[in-house]
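S.K.:
Protein chains in written order, with our numbering: chain G, 132 to 765; chain U, 394 to 934.
Put into structure tokens, the structure is as follows:
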């Protein structure tokens, strides 16, 4: 391996502390909760304390280790001549993403104490959340593709278990299967990339690969294939077109799980991996990513405009927002992508938890039936409004900084062209679907206020919505001047900012004064088409699922009626041959023997005729013989 | 100590003791079999640990003259009792001992004629140990055939309703392979000379060296007329041996005995069949086919790899269409053993190490899977997937083990199945740029098999275990479908732990196999290429 850039473990003890508390504690929590049945409150406390311990280790042990290019390697196993190592990377990016994951997961677990109250198998719920968390933390820290793949898949498994947590609910167990299978398609891309890179570089350590790529930049063909393959994995995990179909269905799981999947773990994994591995990507593949992500941005926001299920709206919005992050990477601006990843995590988690509170109190997910929540639970609704403003990208929110940054970076890179205009249009569309949702939830002013607002519900939502505001990231509300984030952004011209804000405001006003947008005509074909996600699901069912099942059935038939029949046929043939030879043996060979015996017998019988016992006959015969003899001699 | 002999003869001694016991002592038969299994596992474990301290070459060698007959004009018949293990066989030996123990514990369902059952069981155990230890071809063949007999009766007497058909099918298939193996073995005997004594020998290690073949013998590399039906005899020898072992593994299209044997066999016999017997196919291909005929292995590697890929995908598709849980798992075995074939065909260290890992991992997982099927079959005597729905309701703990076994089988990282699959595929992919034996597309196609694997396992989980509980047998089944018993925990917990352990620490196996396999790959390649050149110049094919 490249010793030159691999720091040997100096503060080994601290690394051990990091892993002991940051990694082992949640894992132990997972093991403990999945094995034992405990009281509900105890389970909750176990989960929270595991997370707090992990958070503690992050701040106390991990933070001092953070440097750019700080690697720690632990050898794992050896095969052929290659050492497979577990490489940990502890840089700033890693630290900020970890902080976000910790905070969001902790909030989700707090909230689950309220939302999942009196559920059966609650210990399993928290166990899976801890597994989800552990896998995600590890995925963020490791810097070796083989090990990444392991946690990449474990993230997928945990999401499978959580989406299908209510395992008697038919729609949920179909949704989790779908999520896992689609992610599996992506995983094949990941595996293919591992094959290609290992074959090319004989290592899977990312920092070693990076050095090798820089040393010999003419390995391009394998880089094309590897980056294209891993792109499949990324867009499958991050729910981008054409692999986005699992995400809206994943809404069948408990709402706090959705918050986790959308903000802190699952879909973020794809973006994060791309951040780490984008050095591999040739320009052409980045261009492909640019168009794919732009398509997902537009598609997500258009589908979100006509949905009535609050969680579905948020799901499509995630597809769209993740698109923004990938778009930023595709134009070469990883820092902006990271920034948007962080800001998105907080407001999206806040939105989902607030939506969870609305759903929990009203037993409905339809925004037309949740119309009184602004009066019913005003505090939650305020938080929800702040998070919505962040999603639209209004000033004073953190997402304003990140989203504006991405759009501006696109313009300053390639000027005024169709892709950038579409990007601006998507800002408008975002504003439209968010304010549509907001106006619906704020429609009924007569609802009665909820009596009790448990702290476990209120606190996480409020904290997350406050974390969506600008001052978490910047001291300047209109430009990123960070106290801690080592991200540098271009200064956005005032006119540009003004244009963006105007665009967003226009969207809000459009919804307010256009009833068709607020309540789209449900019998309209186009609306129906968009509500059903352009029937992409049905298309996949028809093009992939059905033919595969058909093929399986045909092969099964062939196996039984051709391959096995052949064997049975050979056996039957052998038996038939045996019967024939038996017949032959009896009738022909034995028959021949019998025939000879018969001939002998018949001949004997013939001779016997002569044996009459009368002297006259013998005498006559003797005379005849002598006459014949005499005739022969003379 | 003659550890390997102890491993082999311990069960035989126990079988003799069992035979002398009265029928009334039936209660002790199973504990005896379990104890023997545990002792074997401990011995094999000790050998494994000892080997790890210096993982090089063959160790624990035992070599004695066994049969020494003067055959007049034919010369002498020399058969050695030659046992030794290396990084290839030791892991499989340990696996076999362990699986036999589990199978003995799982034999609690056997009611009919226990004396005969356990005697045959122990005889089988001895034969299996012998197969993995023997380095004399004749001795190997003796053990190989010795396996057949108990297995035939175990399926044919203690199996399901269609057991006689399944047993005879299994028997004939295997016999078909081994008869031709016998021919090749005799041919090899008369071709190979012991370099020390100058006499013919069955020693496999001598058969692996081209220098030991007498000139102008049937299998000589340096003979200019070693053609049969206008085809190099060595190639025919390879094909014949390969078919014999391909039936055992089994590959497409020689696989149809397996689903029938599994469906009819009782649970413990299914466990032995999938957990151990299939591995003998993979072991035989590596040790014997590739070891003795390296040039043919290289020459046919494309086709061998193709067979592997087809097995992977074909097996997976039929598993997807299967309606009987046991049949589904049987076909998934075919699919998983396809990875072994593909890894071997790649002739890279990654691929072959991966193949060995896959064999051991599959040994553990198939044991677990068939045991899990046995658990519900024992309760309600049904294993149609459609007969169950929402099994997680009455049997949550059982479902937990099913989830572990299914996800390990579909290759979830962190569990053992992943490492084997990943490295056989890495090897298959690498092959194109190292030795140009397999096209890259093979690895990619095989990866599609993984995807279908995920599909049938998840589909089964969703159909059988999740959803609202609803069973074919209605109320009656609700009473019968109780969660796991203590014995079942005793079986399942170690299996699950091993799966996790191997998935997290693959070095547990790779440390033992890596040196052996690196050397093996190197030698197979060097000898194979040299032999191929010599044969091509002499035989002009």
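Even glycine gets a Cβ: it sits at the ideal position worked out from N, Cα and C.
Compile a chain-ordered list of the residues in the segment 743-754 of chain U whose CB is closer than 7 Å to at least one CB of chain G.
M.R.: If the cut-off is 7 Å between Cβ atoms, the segment 743-754 of chain U has 743 and 746 near chain G.
S.K.: Could you list which residues in chain U have their beta carbon closer than 7 Å to that of residue 295 of chain G, in chain order?
M.R.: The answer, in chain order, is 859.
S.K.: Can you grab the Cα-Cα spacing for the pair residue 139 of chain G / residue 203 of chain G, in whole Å?
M.R.: Note on residue 139 of chain G: pLDDT 46, under 50, position unreliable in the model; the coordinate value appears next. Using only the alpha carbons, I get a separation of about 7 Å.
S.K.: Within its chain, find whatever has a CB closer than 7 Å to the CB of residue 818 of chain U; leave out the 5 residues flanking it on each side and keep chain order.
M.R.: Taken in chain order, the residues that qualify are 836, 839 and 840.
S.K.: Are the beta-carbon atoms of residue 516 of chain G and residue 432 of chain G separated by less than 8 Å?
M.R.: Taking 8 Å as the Cβ cut-off, residue 516 of chain G and residue 432 of chain G do not qualify as a contacting pair.
S.K.: Would you give the residue range spanned by the alpha helix (DSSP H) that residue 642 of chain G belongs to?
M.R.: 625-644 is the span of the alpha helix (DSSP H), which, as asked, contains residue 642 of chain G.
S.K.: Quick one: what does DSSP say residue 213 of chain G is sitting in, helix, strand or coil?
M.R.: In the structure shown, residue 213 of chain G sits in a strand (DSSP, three-state: E or B).
S.K.: What does DSSP give as the partner residue(s) for residue 803 of chain U in the beta ladder?
M.R.: Paired residue(s): none; residue 803 of chain U is not in a bridge.
S.K.: Quick one: residues in its chain with C-beta nearer than 6 Å to the C-beta of residue 295 of chain G, no 5 flanking neighbours on either side, listed in chain order?
M.R.: Taken in chain order, the residues that qualify are 303, 304 and 307.
S.K.: Checking contacts by CB at 8 Å: is residue 447 of chain U closer than that to chain G?
M.R.: No - not a single Cβ of chain G is within 8 Å of the one on residue 447 of chain U.
S.K.: Apart from the five residues just before and just after residue 659 of chain U, which ones in its own chain have a Cβ nearer than 7 Å to its Cβ?
M.R.: Excluding positions up to five away in sequence, the list reads 502, 503, 551 and 552.
S.K.: Quick check on the DSSP output: the beta strand (DSSP E) that includes residue 717 of chain U runs from which residue to which?
M.R.: Element bounds for residue 717 of chain U: n/a, residue is neither H nor E.
S.K.: Measure from the C-beta of residue 174 of chain G to each C-beta in chain U and report whether the shortest distance is under 8 Å.
M.R.: No, residue 174 of chain G lies away from the interface with chain U (no Cβ there is under 8 Å from its Cβ).
S.K.: Within 8 Å of any Cβ in chain G, is that where the Cβ of residue 840 of chain U sits?
M.R.: So, interface residue.
S.K.: Using the Cα positions of residue 545 of chain U and residue 661 of chain U, report the straight-line distance between them to the nearest angstrom.
M.R.: Answer to the nearest angstrom: the Cα atoms are 14 Å apart.
S.K.: So, is residue 423 of chain U buried or exposed, given that buried needs 16 or more other C-beta atoms within 10 angstroms?
M.R.: With 16 or more other Cβ atoms within 10 Å, it is buried.
S.K.: Using the C-alpha atoms, what's the distance from residue 253 of chain G back to residue 299 of chain G?
M.R.: Whole-angstrom Cα-Cα distance: 15 Å.
S.K.: Just to confirm the assignment: which complete alpha helix (DSSP H) runs, minimum length 4, are found wholly within the segment 864-897 of chain U?
M.R.: Segments of the alpha helix (DSSP H) lying fully in the segment 864-897 of chain U: 867-873 and 879-897.
S.K.: For residue 356 of chain U, would you say it is in contact with chain G, using Cβ-to-Cβ distances shorter than 8 Å as the test?
M.R.: The shown model of chain U, from 394 to 934, leaves out residue 356 of chain U, and the question about it has no answer.
S.K.: Run through chain G and tell me which residues come within less than 8 Å of residue 649 of chain U, C-beta to C-beta.
M.R.: Simply 690, 694, 695 and 698.
S.K.: Say whether the segment 236-248 of chain G touches the segment 172-180 of chain G, bearing in mind that this needs 3 or more beta-carbon pairs closer than 8 Å, one atom from each stretch.
M.R.: Yes, since at least three Cβ pairs between the segment 236-248 of chain G and the segment 172-180 of chain G fall closer than 8 Å, the two stretches touch.
S.K.: In the DSSP assignment, what are the bridge partners of residue 455 of chain U?
M.R.: Its beta-bridge partners are U:476.
S.K.: Around the C-beta of residue 135 of chain G, are 16 or more other C-beta atoms found within 10 angstroms, so that it is buried, or is it exposed?
M.R.: With a pLDDT of only 40 at residue 135 of chain G, under the threshold of 50, the placement of this residue in the model should not be trusted, and no figure is reported.
S.K.: According to DSSP, is residue 693 of chain U part of a helix, a strand, or is it coil?
M.R.: If DSSP states are grouped into helix, strand and coil, residue 693 of chain U belongs with coil.
S.K.: For the segment 540-625 of chain U, list the alpha helix (DSSP H) runs that are entirely contained and at least 4 residues long, ordered along the chain.
M.R.: 556-582 and 597-600, all fully within the segment 540-625 of chain U.
S.K.: Alpha carbon to alpha carbon, how far is residue 333 of chain G from residue 693 of chain U? Give it in angstroms, no decimals.
M.R.: Roughly 27 Å separates the two Cα atoms.
S.K.: Compute the beta-carbon to beta-carbon distance between residue 763 of chain U and residue 667 of chain U, rounded to the nearest angstrom, for a pair I have assumed lies under 8 Å.
M.R.: Indeed they touch by this definition, with Cβ atoms about 6 Å apart.
S.K.: List, in chain order, every chain U residue whose beta-carbon is nearer than 7 Å to that of residue 284 of chain G.
M.R.: The contacting residues are 805 and 806.
S.K.: CB residue 580 of chain U to CB residue 638 of chain U, shorter than 8 Å?
M.R.: Their beta carbons are not under 8 Å apart, which means residue 580 of chain U does not touch residue 638 of chain U by this criterion.
S.K.: Taking 8 Å as the CB-CB cut-off, is residue 209 of chain G touching chain U?
M.R.: Yes, because at least one Cβ of chain U sits closer than 8 Å to the Cβ of residue 209 of chain G.
S.K.: Would you say residue 851 of chain U reaches chain G, if we count a Cβ-Cβ gap shorter than 8 Å as a contact?
M.R.: Output row for residue 851 of chain U: interface = yes.
S.K.: Taking 8 Å as the CB-CB cut-off, is residue 135 of chain G touching chain U?
M.R.: Confidence at residue 135 of chain G is low in this model, with a pLDDT of 40, below 50, so its placement is unreliable and no value can be given for it.
S.K.: Check for me: the alpha helix (DSSP H) holding residue 925 of chain U runs from which residue to which?
M.R.: First-last of the alpha helix (DSSP H) with residue 925 of chain U: 900-932.
S.K.: Checking contacts by CB at 8 Å: is residue 822 of chain U closer than that to chain G?
M.R.: For residue 822 of chain U, the answer is yes, since a Cβ of chain G falls inside 8 Å of its Cβ.
S.K.: Please confirm whether residue 907 of chain U has its beta-carbon closer than 8 Å to some beta-carbon of chain G.
M.R.: It does: the Cβ of residue 907 of chain U has a partner Cβ on chain G nearer than 8 Å.
S.K.: To the nearest angstrom, report how far apart residue 556 of chain U and residue 652 of chain U are at their CA atoms.
M.R.: C-alpha separation (whole angstroms): 12 Å.
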